[in-house]
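As they're listed, the protein sequences go chains F and G. Mind the numbering: the first sequence is residues 1 to 282 in our numbering, read in order. Mind the numbering: the second sequence is residues 1001 to 1324 in our numbering, read in order.
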Amino acid sequence: MNMNRALYFRRRLANYVFVSMSLAMALFGLVWLAFILGALLKNGIAALSPSLFTEATPPPGSAGGLSNAIFGSAVMSLGAVLLGTPIGLFAGTYLAEYARFGKLAFVVRFVNDTLLSAPSIVTGLFIYELVVTRMGHFSAIAGALSLTVIVIPVVVRTTENMLLLVPSGLREAASALGAPRSMVIKLVTWKAARAGIITGVLLAVARISGETAPLLFTALNNQFMSTDITHPMASLPVVIFQYALSPYEDWHTLAWGGALLVTATVLTLSIIARLLEGKKRT
Amino acid sequence: MSEPSALTVRVETARKAGAGDFRFRLLTLLAALAVLAIFSGVVLSLVIGAMPAFKAFGLGFITTEAWSPTRERFGALAPIYGTLVTSLIAMLIAVPVGIGIAIFLTDLCPRPLRRPIGTAIELLAGIPSIIYGIWGLFVFAPWFQLHVQEPVVEAVGNIPVLSTLFGGATFGIGTLTAALILSIMILPFISAVTRDVLETVPSALKEASYALGSTSWEVMWKVCLPFCQTGVAGGAMLALGRALGETMAVTFVIGNAHRISPSLFAPGTSISATIANEFSEATSELYTSSLIELGFLLFVITFIVLACAQLMLRQMEKGKGKVT
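1. Does the Cβ of Q1229 of chain G have 16 or more other Cβ atoms within 10 Å, making it buried, or fewer, making it exposed?
2. Using the Cα positions of S270 of chain F and I197 of chain F, report the straight-line distance between them to the nearest angstrom.
3. Going along the chain, which unbroken runs of the alpha helix (DSSP H) with 4 or more residues stay wholly within the region 1213-1257 of chain G?
4. Counting only Cβ-Cβ distances shorter than 8 Å, please list the residues of the region 1236-1248 of chain G near chain F, keeping chain order.
5. Between which two residues does the alpha helix (DSSP H) containing S1263 of chain G stretch?
6. Identify whether F1024 of chain G lies in helix, strand or coil by the three-state DSSP scheme.
7. With which residues is R1073 of chain G paired in a DSSP beta bridge?
8. Does the CB of L1030 of chain G have a neighbour CB from chain F at under 9 Å?
9. Please name the residues in the region 1016-1028 of chain G whose beta-carbon is closer than 9 Å to at least one beta-carbon of chain F, in chain order.
10. Does A1307 of chain G come within less than 9 Å of chain F when only Cβ atoms are used?
11. Cβ closer than 7 Å: which chain F residues qualify as neighbours of A1276 of chain G?
12. Do you know offhand how far R281 of chain F's Cα is from R1314 of chain G's?
13. Measuring CA to CA, which of G:L1027, G:G1020, G:T1008 and G:L1046 is closest to F1296 of chain G?
14. Would you say Q1310 of chain G reaches chain F, if we count a Cβ-Cβ gap shorter than 9 Å as a contact?
15. If the cut-off is 7 Å on Cβ atoms, which residues from the region 1050-1079 of chain G count as contacting chain F, listed in chain order?
16. State the DSSP-derived secondary structure class of Y1132 of chain G, mapped to helix, strand or coil.
17. With 9 Å as the threshold, decide whether the Cβ of I1103 of chain G is near any Cβ in chain F.
18. Would G1049 of chain G and T1302 of chain G be called neighbours here (beta carbons separated by less than 9 Å)?
19. Round the Cβ separation of N221 of chain F and P232 of chain F to the nearest angstrom and send it over; I've been treating them as touching at under 8 Å.
20. I1184 of chain G versus chain A: which residues are under 7 Å apart at the beta carbon?
21. Please list the partners that L1137 of chain G has in chain F, where partner means a Cβ-to-Cβ separation under 7 Å.
22. Could you spell out the range, first to last residue, of the alpha helix (DSSP H) harbouring Y1210 of chain G?
23. Report yes if the CB atom of A273 of chain F is closer than 9 Å to the CB atom of L1306 of chain G, and no otherwise.
24. Nearest chain G C-beta to L115 of chain F closer than 9 Å, yes or no?
25. Report buried or exposed for L52 of chain F, applying the criterion of at least 16 other Cβ atoms within 10 angstroms of its Cβ.
26. The ligand ADP and S1290 of chain G: does the residue's C-beta get closer than 8 Å to at least one heavy atom of that ligand?
27. List, from N- to C-terminal side, the alpha helix (DSSP H) runs of 4 residues or more that fit wholly inside the region 148-211 of chain F.
28. Does chain G have any CB closer than 9 Å to the CB of I198 of chain F?
29. So, A80 of chain F versus V151 of chain F, is the Cβ gap smaller than 9 Å?
30. Between V239 of chain F and L41 of chain F, which are expected to be in contact by the criterion C-beta below 8 Å, what is the C-beta distance as a whole number of angstroms?
31. Quick check on T1008 of chain G - is its C-beta less than 9 Å from some C-beta in chain F?
32. Interface residues of chain F around T1200 of chain G at Cβ under 7 Å?
33. On the CB-based measure, 16 or more other CB atoms within 10 Å of its CB, does D113 of chain F come out buried or exposed?
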């Protein structure tokens, strides 16, 4: 009897310790999030001003903004999405609709999931070898291409997942009406999976708008406003990187301003994506 | 020409539809092949770019610590060491904490709080690595120096092993700082995957265990975790792959010193940080090529880790099919 009570006590104690530990770990995660977002808001809001959006990056010691970097980021992200979305969409469609259990599909799936988590700096090296050394100089095109390499696997993965969720009954019904396979896909399954596919594209945009490493030696940087995509172009992440590591106080402020803009963009996109996805599930 | 019969019209329409069908299928096949082409392109371009360095240094590249652009001597040992050590420490922290969070969210958290807390943790995964970098450099490193490094250096004083591990001057930035920030970054990956696999545990199993009088801890530790250990291990490997290749956050806070220091507080470097810092400044062909060889090594290491992760997660998915 006595031993039973001791055993009971030990088990309940272990349980108590375990429950409080997992609570503490959840709090631990939340504390970091609060810590990071707090610092970002505190330093970033101090840096916000209209000139941030209207003036180009300044030399040290004078006032300026981030307009060229914002523009560059927008142009290169847009280019990457326009180029990467169709390829990702078609490849995902191939995996889900045509070759679900094929050997080639298995290999493509494996390679795609590897690319999805592969270090982004390596894609920068790839585009450097492929484009920059051939052109002889850094350019916004190279920057956009290196971001495309990151967009494609994200879109492939979500497209395939979303198409797999479409009930086969829909496809069979369309086929039974005599629609050829391509029409079944274009008019039925793509439509049914639309929200999910858009979510994937949004997630891809969120992913590339903070990407820095692949841009460092493809698009490089540009202190001035440039609309020429065959030449180096500034981007928010690269400017943040350069300015944060500089010794100048006013450059640090601009870096924080840029960091706030990037985070706000990324978090807004991921929250919209989440809402779209949530709507789909219910 | 006479009026085409109804039959020929139908045959014609079907033929056109068939051709369009074939073109569409070809298009999707080409896109799928493009994914393979990108992958092979990455491998090929890295191998070709690394050739000069590989010819100059051979296998000694991996075992040499010296890194001197002026004397054209390059060795990858210090960056490799930095990458492995930071990732290892990050995993030691993030795996238990990530699993703890996942357990909390699946079984213990009050229902109305599950979604908001889950979302908040996943937001951590959404924050770009450059943000972790700037935060680490300006906010975390000074705090860490003042409140952790200095007291620890004082406390370990002359204790033999600890004083080498946590000794030397304190800068705030360094190997341990980078590892800690990495651990925060990979935390959400581990907890997300663990949560997904924990949800595959059939509730009959859990209920049976509870019915026998188990506590929550015993159900989790003896039933749920063994049931999905492959999936949890896969998630951890996935996170390890991320940690190994993580660039910007590490570049900001690791200190970029090409040496292997016994102290975890000392500045070091990692493969990705070396490439990010030095690539656009590399002037000679051999310098560039050595950096590309570093990239190649990084790609090979992460590829192996990610391949293992995928195999584990796939196996888990298959198992899921069997049970239900």
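We put the CB at the ideal spot given by N, CA and C, even for glycine.
If we stick to the structure as given:
1. exposed
2. 14 Å
3. 1216-1219, 1229-1245 and 1248-1253
4. L1238, G1241, R1242, L1244, G1245, E1246, T1247 and M1248
5. Taken as a continuous stretch (DSSP letters only), S1263 of chain G belongs to no alpha helix (DSSP H), as it is neither H nor E.
6. helix
7. G:S1068
8. yes
9. A1017, G1018, G1020, D1021, F1022, R1023, F1024, R1025, L1027 and T1028
10. yes
11. I121, A213 and L216
12. For R281 of chain F, the pLDDT reaches just 48, beneath the cut-off of 50, and the residue's location in the model is therefore unreliable, although a value from the coordinates is still provided. Going by the C-alpha atoms only, they are around 23 Å apart.
13. G:L1046
14. yes
15. none
16. helix
17. yes
18. no
19. 6 Å
20. In the structure shown, chain A cannot be found, because the protein chains are F and G.
21. A244
22. S1203 to A1211
23. no
24. yes
25. buried
26. By its list of ligands, the structure shown contains no ligand whatsoever, and the ligand ADP lies outside what it can speak to.
27. 168-176 and 194-209
28. no
29. yes
30. About 20 Å separates the two Cβ atoms, so there is no contact after all.
31. no
32. Correct list: empty, because the minimum Cβ distance to chain F is about 16 Å.
33. buried
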